[in-house]
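**Q** Its first residue numbered 14, the sequence shown is counted upward by one per residue in the numbering used here.
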Amino acid sequence: MLRTKVAIIGAGPAGLLLGQLLHAYGIDNIILERRDRGYVLARIRAGVLEQGTVDLLDQVGVAARLHREGLIHDGIELAFAGSRHRIDLKEATGKSVTIYGQTEVTRDLMDARDSCGLVTVYEADQVEPLDFDSDHPRVSYAKDGITHEIECDFIAGCDGSHGISRASVKPSAIETFERIYPFGWLGILSETPPVSPELIYSNHARGFALCTMRSMRRSRYYVQCSLDDHIDQWPDDRFWDELKRRLDQEAADKLVTGPSIEKSIAPLRSFVAEPMRFGRMFLAGDAAHIVPPTGAKGLNLAASDVHYLSRALQEYYDEKSSAGIDHYSEKALSRVWKAVRFSWWMTAMMHRFPDTEGFGAKIQLAELNYLVNSKAAAASLSENYVGLPY
Ligand SMILES: Cc1cc2nc3c(=O)[nH]c(=O)nc-3n(C[C@H](O)[C@H](O)[C@H](O)COP(=O)(O)OP(=O)(O)OC[C@H]3O[C@@H](n4cnc5c(N)ncnc54)[C@H](O)[C@@H]3O)c2cc1C
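Written out as structure tokens, the structure is:
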């Protein structure tokens with residue numbers, strides 16, 4: 014029987030960052046991850062970091078490479094009706110965002126965890142949070158066919174949307190809120206220079222498109238697609254043609270195409286589970302909520318959740334006070350719902366919906382025109398995009 018203060022389930026950004034924050038506060042922890050390290054590192058996902066996320070990575074001393082290789086963006090571009098308009102995030106808020114892939118954040122956190130000698134069990138099977146309604150929670154798991162148990166004070170469920178933590182809560186104790194969007198994002202990664210120095214969000218009659226990047230040599234592009242589409246139906250040539258058709262002429266002419274090195278389709282949904290605490294188990298990150306990627310909030314919400322949770326646990330151990338853990342769920346959910354609203358609003362404004370003909374399309378254009386011509390409206394978008402304060 015192993016013993017630790019906090020057993021963390023999941024070695025995604027939420028679990029790994031929580032592990033480093035707790036370590037910095039002198040709180041020992043063990044991470045159980047069902048996949049192997051290589052699999053976790055290969056998952057191509059988010060790439061836009063809020064300043065608050067960068068500050069947390071700085072706080073735990075893992076941001077040196079991020080500061081060397083990350084790209085600071087002071088603005089984004091909105092494309093509609095054939096032209097592009099810049100939203101100056103920095104002018105509106107004094108803040109910027111940093112382009113640095115989730116894969117790199119994960120690698121930096123894993124390396125830091127290794128160098129601190131902290132325990133991570135990869136390829137942990139049948140992980141199960143137990144007795145979290147009591148004062149003696151445990152987590153069981155199997156490794157190489159042998160069953161183990163960890164005794165702990167708390168369990169942190171950082172195991173993403175299909176994890177075991179939320180699924181272990183009895184249905185009567187949890188309430189869920191969901192919106193499924195009637196489309197997906199087809200994304201490709203290519204070793205090509207980005208079409209523009211900043212992100213382009215394009216509202217087009219053929220559907221939404223996004224031009225983003227991971228570095229000045231590696232681009233990430235998305236087009237809105239049908240939920241029935243399969244990547245086999247999207248050879249690279251078809252993807253590039255479709256993307257060009259959804260961009261303004263200047264961007265389409267400048268676009269450098271090349272073979273995709275990754276291609277995937279992600280459905281879009283908004284989902285929140287309430288509360289985020291169940292006795293001695295807490296949920297954080299995608300385990301508790303999902304946002305469509307339009308607002309670039311998924312990874313950043315995982316970071317703000319674990320910030321609140323780590324502070325609450327620090328208060329519990331250092332000050333012998335339960336106030337922090339008692340208010341964790343309420344505090345985290347307050348920020349979560351604002352990001353859920355922003356992501357939903359960006360999604361609604363930028364995509365073709367089955368009913369975005371006529372009236373709906375006119376409303377989208379009116380909203381976009383308002384945004385690029387009103388300092389107040391641009392400031393509201395900017396404040397949410399760079400991340401609301403913790
Ligand atoms: C395909 C895709 C594309 C995305 N693109 C973007 C984007 O462009 N921008 C953006 O902001 N966000 C994006 N996101 C969202 C963002 O990646 C997530 O919000 C972020 O990964 C959340 O981190 P997390 O640690 O909470 O969850 P995860 O990254 O999902 O990590 C959870 C971890 O728990 C492990 N796990 C699961 N079940 C168990 C179990 N039973 N036992 C042990 N371990 C378990 C998983 O293997 C995983 O390593 C995307 C997500 C997906 C799925």
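Glycine included, every Cβ here is placed at the ideal spot set by N, Cα and C.
Which residue or residues does DSSP assign as beta-bridge partners of Trp404?
**A** In this structure the chain extends from 14 to 403, so residue 404 is not present and cannot be described.
**Q** Out of Ala316, Lys183, Phe221 and Pro207, point me to the one whose CA is closest to Ala345's CA.
**A** The residue with the shortest Cα to Cα distance from Ala345 is Ala316.
**Q** The alpha helix (DSSP H) that contains His36, what's its start and end?
**A** Start and end: Pro26 to Ala37.
**Q** Restricting to Cα atoms, I'd like to know which of Glu211, His217 and Met363 is closest to Cys224.
**A** The option with the nearest alpha carbon to Cys224 is Glu211.
**Q** On the DSSP bridge list, what partners appear for Gly114?
**A** Beta-bridge pairing links Gly114 to no other residue.
**Q** Given the structure, does Gln64 come close to ligand 1, in the sense that its CB is under 7 Å from one of the ligand's heavy atoms?
**A** Incorrect: Gln64 has no Cβ contact closer than 7 Å to ligand 1.
**Q** With respect to the alpha helix (DSSP H) encompassing Leu322, which residues constitute its N-terminal and C-terminal limits?
**A** Looking at the DSSP string, the run of the alpha helix (DSSP H) that includes Leu322 is Gly311 to Asp331.
**Q** Below 7 Å CB to CB, which residues in the same chain sit around Thr17 once its five sequence neighbours on both sides are set aside?
**A** So the list reads Asp41, Asn42, Ile43, Ile163 and Cys165, once near-sequence residues are dropped.
**Q** Consider the C-beta atom of Gly271 and the heavy atoms of ligand 1; say whether any pair is separated by less than 7 Å.
**A** No, Cβ of Gly271 sits at least 7 Å from all heavy atoms of ligand 1.
**Q** Write down the C-beta distance between Glu141 and Lys156 rounded to the nearest angstrom, noting that I regard them as a contact closer than 8 Å.
**A** 13 Å between Cβ atoms; not a contact.
**Q** At the level of alpha carbons, what is the spacing between Asp261 and Gly95?
**A** Distance between the alpha carbons of Asp261 and Gly95: 5 Å.
**Q** Can you give the Cα-Cα distance for Ala390 and Ala352, rounded to whole angstroms?
**A** Each residue's alpha carbon lies about 17 Å from the other.
**Q** What would DSSP say about Glu275, mapped onto helix, strand or coil?
**A** Strand, per DSSP.
**Q** Could you tell me which residues DSSP pairs with Gly95 in its beta bridges?
**A** According to DSSP, which records beta bridges pairwise, Gly95 is partnered with nothing at all.
**Q** Mind checking which residues open and close the alpha helix (DSSP H) that includes Met362?
**A** Taken as a continuous stretch (DSSP letters only), the alpha helix (DSSP H) holding Met362 covers Ala336 to Met363.
**Q** Can you determine whether any heavy atom of ligand 1 sits closer than 7 Å to the C-beta of Asp157, and answer yes or no?
**A** Checking the Cβ of Asp157 against ligand 1 gives no.
**Q** Quick one: grab the DSSP three-state call for Asn386.
**A** Helix at Asn386.
**Q** Does DSSP classify Thr270 as helix, strand or coil?
**A** In this structure, Thr270 counts as coil in the three-state DSSP scheme.
**Q** Quick one: give me the first and last residue of the beta strand (DSSP E) that Asp138 is part of.
**A** Run containing Asp138: Asp138 to Leu143, per the beta strand (DSSP E) assignment.
**Q** Roughly how many whole angstroms lie between the Cα atoms of Ile193 and Leu281?
**A** Approximately 7 Å, taken between the alpha carbons.
**Q** Around the Cβ of Asp299, are there at least 16 other Cβ atoms within 10 angstroms (buried) or fewer (exposed)?
**A** Result: buried.
**Q** Can you check whether the CB of Glu204 is closer than 8 Å to the CB of Gly271?
**A** In contact: Gly271 and Glu204 (Cβ atoms closer than 8 Å).
**Q** Is Asp242 near ligand 1, going by C-beta to nearest heavy atom under 7 Å?
**A** Because no heavy atom of ligand 1 lies under 7 Å away, the Cβ of Asp242 does not count as near it: no.
**Q** Can you check DSSP and say which residues form a bridge with Gly197?
**A** DSSP, once it has assigned bridges, lists Cys238 and Pro280 as partnering Gly197.
**Q** CB-CB under 6 Å to Ala265, same chain, minus the five flanking residues each way: which ones, in chain order?
**A** If we look at Ala265 and ignore the five residues flanking it on each side, its Cβ neighbours are Lys257.
**Q** Between the beta-carbon of Asp6 and the beta-carbon of Asp87, is there less than 8 Å?
**A** Given a span of 14 to 403 for the chain in the structure shown, any question on residue 6 remains unanswerable.
**Q** Taking only three categories from DSSP, how would you classify Phe221?
**A** Coil, per DSSP.
**Q** Here's a check: name, in chain order, each residue in its chain whose Cβ is nearer than 6 Å to the Cβ of Glu255, leaving out the five neighbours to either side.
**A** Excluding sequence neighbours, Glu255 sits near Val236.
**Q** Could you check which residue in Phe221, Glu188 and Phe93 has the C-alpha nearest to that of Leu384?
**A** With distances taken between Cα atoms, Leu384 lies closest to Phe93.
**Q** Can we count Cys165 as close to ligand 1, meaning its CB is less than 7 Å from some heavy atom?
**A** No, the beta carbon of Cys165 sits no closer than 7 Å to any heavy atom of ligand 1.
**Q** Distance, Cα to Cα, Met123 vs Arg251?
**A** Cα to Cα, Met123 sits roughly 37 Å from Arg251.
**Q** Give the secondary structure of Tyr52 by DSSP, where H, G and I count as helix, E and B as strand, and everything else as coil.
**A** Helix.
**Q** If you reduce the DSSP assignment to three classes, tell me which class Arg151 lands in.
**A** Here Arg151 sits in strand by DSSP.
**Q** Whole angstroms is fine: what's the gap from Glu63's alpha carbon to Ala77's?
**A** Going by the C-alpha atoms only, they are around 16 Å apart.
**Q** Rounded to the nearest angstrom, what separates Ala301 and Asn397 at their Cα positions?
**A** If you take the alpha carbons of Ala301 and Asn397, they lie about 20 Å apart.
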